[in-house]
Amino acid sequence: MTDYTPTEMMTIAAARALRNGDVCFVGIGMPSAAANLARLTHAPDIVLIYESGTLGTKPSVLPLSIGDGELCETALTTVSVPEMFRYWLQGGRITVGFLGGAQIDRFANLNTTVVGPYDKPKVRLPGGGGAPEIATACGEIFIIMAQSKRSFVDKLDFVTSLGHGEGGDHRERLGVKTKGPTRLMTDLCIFEPDPQSNEMIVTSIHSGVTRAQVTEATGWPVCFAHTVAETPAPTAQELEVLRELHARTARAHGNAA
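Below, the structure is given as structure tokens:
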């Protein structure tokens, strides 16, 4: 019996992937929780950037959106969105982009646009926002998503953000010089790209999770690394800081959080 939830394990695993020297472009939601957990634990010098143009922001509560005043009030400075994208992002100044999505495929391409046919979708999603640019211009990409066959699909309904395309050297052939997705954290395991094919393969499984559970929750024939590690359990400090962050957010935002 564990004393943490699968979502907490996923968020903590994602936070651990970030380094103290990173400049991180943060998505709202689970990426924001992971990035701020890293800042409040092992990476106090990490520079967090949000799409609204806030540089070096240090929110005390998690933002509801990129326009949340908490981000601007706690930022080192705020620049215009065109400057953010043209100078900071496309200028190669951001080491890590942290993204999520509604659907992902085996090469870590992401869909945040529609479920079903584009012209008559079953569900119309929020869209790309800055994610397509983040996916190609950041030095590398970390992805955090809850794992199920509904979201981990064999074929995307729409490709919003480029991962490794069709696999292999597809990014390079498209003229994209950044690494793309290097780590995918879920509530069951951690994926990393195969060195040759760039298909996302399982390199670490969370405690108490079986290979059969990972396979059952994946919409493609999942591959496992030759040696699969067990993800270290959350520490007491990681859980305490994460839970207090969520508690502060709930107190600040109430039902909106």
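Residue numbers for the sequence shown follow my numbering, beginning at 3 and rising by one.
Yeah, the Cβ is synthetic: ideal placement off N, Cα and C, and Gly gets one too.
Please read these numbers as outputs of a predicted model, since none were measured by experiment.
Which term fits Pro-195, buried or exposed, when burial requires 16 or more other beta carbons within 10 angstroms of its beta carbon? buried
Report yes or no: is there a C-beta of chain C within less than 8 Å of the C-beta of Ile-145? Absent here is chain C; the protein component of the structure consists of one chain.
Does Ala-40 pass the burial test, meaning 16 or more other C-beta atoms within 10 Å, or should it be called exposed? buried
Determine, using beta carbons only, whether Asp-74 and Ile-48 come nearer to each other than 8 Å. Inspection of the sequence shows that residue 74 is occupied by Cys rather than by Asp. Contact flag unset, no.
For Ala-36, tell me which candidate among Asp-159, Ser-153, Ile-68, Ile-145 has the shortest Cα-Cα distance. Ile-145
Identity of the residue in Lys-157, Ser-150, Val-83 nearest Pro-119 by Cα: Lys-157
Can you check the stretch 25-71 for any beta strand (DSSP E) of at least 3 residues that lies completely inside it and give the ranges in chain order? 25-28, 49-51
Between the beta-carbon of Met-261 and the beta-carbon of Ala-16, is there less than 8 Å? Look at the range of the chain in this structure, 3 to 259, and you will see that residue 261 is not part of it.
Whole angstroms is fine: what's the gap from Thr-114's alpha carbon to Pro-128's? 6 Å
Would you kindly work out how many angstroms separate the C-alpha atoms of Val-117 and Gln-92, rounded to a whole number? 29 Å
Three-way DSSP call (helix, strand, coil) for Gly-132 in this model: coil
Per DSSP, which residues does Gln-105 bridge with? Please list them. Asn-113
Taking the alpha carbon of Val-178 as the reference point, which residue from Ile-192, Arg-88, Gly-165 has its own alpha carbon closest? Gly-165
Could you check how far apart the C-beta atoms of Cys-140 and Thr-180 are, in whole angstroms? I think they sit under 8 Å. 6 Å
Which residue from Ser-163, Ser-62, Gly-99, Ile-96 puts its Cα closest to that of Asp-2? Look at the range of the chain in this structure, 3 to 259, and you will see that residue 2 is not part of it.
Give the C-beta separation of Ile-143 and Gly-170 to the nearest angstrom, bearing in mind that I take them to be a contact with Cβ-Cβ under 8 Å. So it is not a contact: roughly 17 Å between Cβ atoms.
In the structure shown, what three-state DSSP assignment does Met-147 receive? coil
Distance, Val-155 Cα to Val-223 Cα: The question names Val, but residue 223 in the sequence shown is Pro. Cα to Cα, the separation comes out at about 10 Å.
Closest to Leu-57 by C-alpha separation, out of Trp-90, Glu-232, Ser-199, Ala-45, would be which residue? Trp-90
Since Phe-186 is in the alpha helix (DSSP H), which residue starts that stretch and which ends it? According to the sequence as given, residue 186 is Leu; it is not Phe. Note, Leu-186: premise wrong, no alpha helix (DSSP H); beta strand (DSSP E) at 183-187.
Here's a check: name, in chain order, each residue in its chain whose Cβ is nearer than 8 Å to the Cβ of Pro-46, leaving out the five neighbours to either side. Asn-22
Return the first residue and the last residue of the alpha helix (DSSP H) that Thr-162 is part of. Careful: Thr-162 lies outside any alpha helix (DSSP H) and carries neither H nor E.
Status (buried if at least 16 other CB within 10 Å, exposed otherwise) for His-228: exposed
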